[in-house]
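What follows is a set of notes on a single structure, which appears directly below.
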Amino acid sequence: MGEMNAKAKANDDSSVNSRRRVVAVATGLGVDTSLMRASFGCPHYGNECAAVQREPIFLGEKASSRAFHCTNLQLMVEASWRGGLTISDLVGEESFGLAIVAATPESLHRPITWVHVTEVADPRPHIREGELVCTVGAALVDPHEAVRFVESVADAACAGICLGLGEVHTEVPEALEEACQRRGIALLSMAHGVPFRALSDRLLEDRLRVPAEFDPVSRAMELLRSGSTVTDMLRLGGEDFSGRLEIVTRSSALGDSDHRGRASIEVDIDDDERLRWQGTGIPPDSALLARFARVVHIARRNERVSESNTRRRIGQLMTLVVEGLAQPAALLPDLHRGGVDPDQLVVSAWPEGTGGLLSRLHSTAVIGETASDVLVITPDGRQASDVSKQVQLVFGYSSSLPLADLALGIGEARATLMLARRRGTIAGPETLATLAALLEQQPRSRLAPFVGQLVRPLVTTRVRGGAELLDTLREFVSHHGSVSATADALFVHPNTVRHRLARIREIVGRDPLLDDDRIDLGIAVWAYDRAGRRTETPAL
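Written as structure tokens, this is what we have:
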């Protein structure tokens, strides 16, 4: 009995869910209620009406952007639904496991308006004309109750009765069969394991068939359910609309026609994008195109969520590769899908938060989002350079390397991104092989001892002419230790330069004339200038 009650509850729930799906699909399509003729109600699930008013409507797993309010869950479906499926149609579909137990020729060809699931002996207050009443027979064990049940169904002018076998009855009760024969009610048996929801889903599918002018929207809905890409949806939609469909930004609107004289119509997808139709024939109805755009909006949102999740997954995998916790070969499936040769690739690093933009602009790439940046793997650096020109973003990229050296490539890309940010330009691997580039990658705290010990003593108020000493040191370092070149740059005598260098040696204890000391002093001056005094980088 517990299993029977569980299945009965599941069937009740599935009926409610099926009706909710009808509401969701019709709302998502923007169905015009003035064109709808068929309806169904929900008196048996009266409490559910309030729930529908309170909860967002769901299409698949995503909440619809439009709410649908009702008082008794009435839904008018498309005008093309004139008769719907019949008992004979359902029996003809083998997947339902239906068998005819009792029927008249007229009852077999009677249209079914909906499926109603119940486990009460007298469902008269809850059922409506044309419904197929489904039950596992919990209330039909007693023959008198079985007769009462059939009388209720017949008085409500329902299409028939479907008895699910297996939970309560292993075969159709004789009293039930005889009562159906007397009243001319179609009686079907359903094989064990087939849910009543399968019938309601089939009726839902039939009800949402649309007339010819709505075929593009219906086709788009089918593509959405099958998980097709937005690109495929636009391509097939363009065929249905006898033109070309594309997604454009609001700033690129063409108006009623483009410069080649083709007709053009645009409708909103969201606040940022529009759906554009272009063609040489008769333009489609704007309201119909708007309904198509709603489906595109849902598909595009789902696609972006999926792409974002993929980028984060790839970013996490790249982080594990850098940390030595994953093998680079783990990215092979993503490289194959992205069209990147694992034997020759380039890694580029971009500012954080640019993953979505980069994924739309890169044609052949594998993109990963990390906590600090966006990493892009491409066959070479040219594609990344082209993208950078389009969006005016700086980035850094690695040398060309095999997948086995991915961790090295990521390190190079991140180092060059750091240089690119500071210099305001694109940086490649060739920019890393300099002392200045090495210093730019160091945190300020690491260079602070150089500034504190080798520069600060020169510019204190206790040192007379400290500014001249620092300028002389800077020029001396930039001229690679040449006294004469430094003197010419400062317009002083070479002996003056030698005197100032000697004073620097006395104050900080390092001799600028010695190569090793001059390098240390050069690092100190570079770090001091980077901290805000100057912006030029000395050549060491």
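FYI, in our numbering the residues of the sequence shown are 1 to 540. Just so it is clear, CB atoms sit at the ideal spot from N, CA and C, and this is done for glycine as well. All figures in this text were calculated on a predicted structure; none of them were measured in a lab.
Quiz prompt | Proximity below 8 angstroms, CB of Leu439 to CB of Ile523 | solution = Position 439 of the sequence shown holds residue 439. Position 523 of the sequence shown holds residue 523. Result yes, Cβ atoms of Leu439 and Ile523 sit closer than 8 angstroms.
Quiz item: Alpha carbon to alpha carbon, what distance is there between Leu406 and His69?
Solution: What you label residue 69 is simply residue 69 of the sequence shown in a count that begins at 1. What you label residue 406 is simply residue 406 of the sequence shown in a count that begins at 1. For His69, the pLDDT reaches just 29, beneath the cut-off of 50, and the residue's location in the model is therefore unreliable, although a value from the coordinates is still provided. Distance between the alpha carbons of His69 and Leu406 is about 54 angstroms.
Quiz item: So, helix, strand or coil for Ser541, using DSSP?
Solution: Because residue 541 is not part of the residues shown, which for the chain are 1 to 540, the question remains open.
Exercise. Label Val459 either buried or exposed according to how many other C-beta atoms from any shown protein chain fall within 10 Å of its C-beta, with 16 as the threshold for buried.
Key: Here residue 459 corresponds to residue number 459 of the sequence shown, with the count starting at 1. Residue environment: Val459 is assigned as exposed (fewer than 16 neighbouring CB atoms within 10 Å of its CB, all protein chains considered).
Practice problem: Using alpha carbons as the reference points, say which of Thr354, Ser348, Arg311, Ser228 lies closest to Val296. | Solution: Counting from 1 along the sequence shown, the entry for residue 296 is found at position 296. The shortest Cα separation from Val296 among Thr354, Ser348, Arg311, Ser228 belongs to Ser228.
Quiz item: Hey, would you say Trp350 sits closer than 8 angstroms to Asp373, going by beta carbons?
Solution: Start at 1 with the first residue of the sequence shown, and residue 350 comes out as number 350. Start at 1 with the first residue of the sequence shown, and residue 373 comes out as number 373. Yes, they are a contact pair.
Quiz item: Would DSSP call Gly522 helix, strand or coil?
Solution: Start at 1 with the first residue of the sequence shown, and residue 522 comes out as number 522. Three-state DSSP puts Gly522 in a helix.
Self-check item: Whole-angstrom distance between Asp386 and Asp343, CA atom to CA atom
Solution: Here residue 343 is taken as the residue at index 343 of the sequence shown, counted from 1. Here residue 386 is taken as the residue at index 386 of the sequence shown, counted from 1. Separation of Asp343 and Asp386 (C-alpha to C-alpha, rounded to the nearest whole angstrom) is 23 angstroms.
Quiz prompt | Nearest to Thr425 (by Cα), restricted to the options Trp114, Gln442, Tyr397, Ala448 | solution = Against the sequence shown, residue 425 aligns to sequence position 425. Thr425 has its Cα closest to that of Tyr397, out of Trp114, Gln442, Tyr397, Ala448.
Quiz item: Three-state secondary structure (DSSP) at Cys162?
Solution: What you label residue 162 is simply residue 162 of the sequence shown in a count that begins at 1. Cys162 carries a strand assignment under DSSP once its states are collapsed to helix, strand and coil.
Practice problem: Spatial neighbours of Gln383 within its chain, please: CB distance less than 8 angstroms, with the 5 preceding and 5 following residues excluded, ordered by chain position. | Solution: Stepping through the sequence shown from its first residue, residue 383 is reached at position 383. The residues are His362, Ser363, Thr364, Ala365.
Exercise. Identify, in the order they occur along the chain, each residue of the same chain with its Cβ nearer than 8 angstroms to the Cβ of Leu332, setting aside the five sequence neighbours on each side.
Key: Against the sequence shown, residue 332 aligns to sequence position 332. Closer than 8 angstroms at the Cβ level, and outside the excluded window around Leu332, lie Pro342, Leu403.
Quiz prompt | Asp373 (DSSP reduced to helix, strand or coil) | solution = Stepping through the sequence shown from its first residue, residue 373 is reached at position 373. Reduced to three states, the DSSP call for Asp373 is strand.
Self-check item: Residue closest to Ala138, alpha-carbon to alpha-carbon, out of Glu131, Val120, Glu129, Val147
Solution: Locating residue 138 in the sequence shown gives position 138, where the first residue counts as 1. Among Glu131, Val120, Glu129, Val147, the Cα nearest to that of Ala138 is on Val120.
Quiz item: On the three-state DSSP scale, how would you describe Ile314?
Solution: The count along the sequence shown starts at 1 and reaches residue 314 at position 314. Residue state, collapsed to three classes: helix.
Quiz prompt | Identity of the residue in Ala326, Glu171, Thr170, Glu178 nearest Phe149 by Cα | solution = Start at 1 with the first residue of the sequence shown, and residue 149 comes out as number 149. Ranking the options by Cα distance to Phe149, first place goes to Glu178.
Quiz item: Can you list the beta strand (DSSP E) stretches of 3 or more residues lying completely in the stretch 135 to 201, in chain order?
Solution: For the beta strand (DSSP E) assignment, the uninterrupted runs of no fewer than 3 residues enclosed by the stretch 135 to 201 are, from N- to C-terminal side, 160 to 164, 186 to 190.
Quiz prompt | Arg530, DSSP secondary structure in three states | solution = The residue labelled residue 530 in the question sits at position 530 within the sequence shown. Arg530 falls in the helix class under three-state DSSP.
Practice problem: For the alpha helix (DSSP H) containing Leu408, list its first residue and its last residue. | Solution: For the purposes of this step, residue 408 is taken as the residue at position 408 of the sequence shown. Per DSSP, Leu408 belongs to the alpha helix (DSSP H) from 406 to 423.
Exercise. Using only the heavy atoms of the ligand ADP, determine whether one of them is closer than 7 angstroms to the beta carbon of Val321.
Key: With respect to small molecules bound, the structure shown includes none, and the ligand ADP cannot be examined in it.
Quiz prompt | For Thr319 and Thr370, believed in contact at Cβ under 8 angstroms, the rounded distance | solution = Counting from one through the sequence shown, the residue named residue 370 turns up at place 370. Counting from one through the sequence shown, the residue named residue 319 turns up at place 319. Correct: roughly 6 angstroms between the Cβ atoms.
Quiz item: So what does DSSP say about Val340, is it helix, strand or coil?
Solution: If you number the sequence shown from 1, residue 340 lands on position 340. Residue state for Val340 is assigned as coil, using DSSP reduced to three classes.
Quiz item: Buried or exposed: which applies to Leu513, given that a residue is buried once 16 or more other Cβ atoms fall within 10 Å of its Cβ?
Solution: Locating residue 513 in the sequence shown gives position 513, where the first residue counts as 1. Exposed, since its Cβ has fewer than 16 Cβ neighbours within 10 Å.
Exercise. Tell me where the alpha helix (DSSP H) around Val568 begins and ends.
Key: Any question about residue 568 goes unanswered here, given that the chain covers just 1 to 540.
Quiz prompt | Gln278 - containing beta strand (DSSP E), residue span | solution = As a first step, residue 278 is located in the sequence shown; it is residue number 278 there, counting from the start. From DSSP, the beta strand (DSSP E) with Gln278 extends over 273 to 279.
Exercise. Can you have a look at Tyr528 and say buried or exposed, based on whether 16 or more other CB atoms are within 10 angstroms of its CB?
Key: Taking the first residue of the sequence shown as 1, we reach residue 528 at position 528. Tyr528 should be labelled buried.
Quiz item: Quick check: the stretch 179 to 189 against the stretch 101 to 110, are there 3 or more CB pairs under 8 angstroms?
Solution: yes
Practice problem: Spell out a yes or no on whether the stretch 107 to 123 and the stretch 145 to 164 are touching, meaning 3 or more CB-CB pairs, one atom from each, closer than 8 angstroms. | Solution: yes
Quiz item: Would you say Ile507 faces chain B, with C-beta separation under 8 angstroms as the test?
Solution: You won't find chain B in this structure, because it holds only one protein chain.
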